[in-house]
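Single-structure report; data block below.
Numbering (the numbering used here), first residue to last: 304 to 452.
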């Protein structure tokens with residue numbers, strides 16, 4: 304059994320939670336598109352043709368569209384490092400229970416972050432969700448450094 308094969312429960316768990324987070328991150332693009340079309344808010348002049356309204360101008364400042372875009376950007380800034388650190392983490396043969404807790408914690412934090420961001424939950428809810436995910440990734444990266452130093 305190889306470390307990066309699905310018979311390895313650590314890799315299988317990582318693959319599952321990483322794929323969920325990647326799908327969620329990709330869904331944010333579709334949510335941005337939906338908001339743009341439903342509100343007739345377009346960033347590019349050529350996209351104005353999608354609307355039946357002829358007097359539209361490009362708009363880069365719609366609060367609803369920008370909230371989704373910032374949420375998506377936050378996903379990109381956090382999920383990509385998680386996936387990269389996660390692959391390295393699997394390779395150091397971590398304790399399966401500890402590894403799965405890292406993966407589950409990160410995924411839960413990212414999904415919760417999306418909800419609290421989109422619905423403008425009061426502080427510090429968004430910060431807590433961000434920090435939980437962030438420090439989960441940091442924990443994995445530190446363990447990789449310690450195992451390879």
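The beta-carbon is built from N, C-alpha and C at its ideal position, and this holds for glycine as well.
Where do the ends of the alpha helix (DSSP H) carrying residue i lie?
i	result
residue 417	399–421
residue 433	428–451
How big is the Cα-Cα spacing for residue i and residue j?
i	j	result
residue 341	residue 360	15 Å
residue 362	residue 345	6 Å
residue 412	residue 355	40 Å
residue 440	residue 343	38 Å
residue 385	residue 325	10 Å
residue 436	residue 410	8 Å
Based on Cα-Cα distance, which residue from the options lies nearest to residue i?
i	options	result
residue 320	393, 447 and 418	393
residue 309	390, 339 and 410	390
residue 364	400, 338, 425 and 316	338
residue 334	376, 347 and 304	376
residue 327	431, 437, 446 and 418	418
residue 330	372, 408 and 318	372
Report task. Kindly provide the ranges of any alpha helix (DSSP H) runs that are 4 or more residues long and lie completely inside the region 304–366, ordered along the chain. Result -> List check, alpha helix (DSSP H) in window: 312–342.
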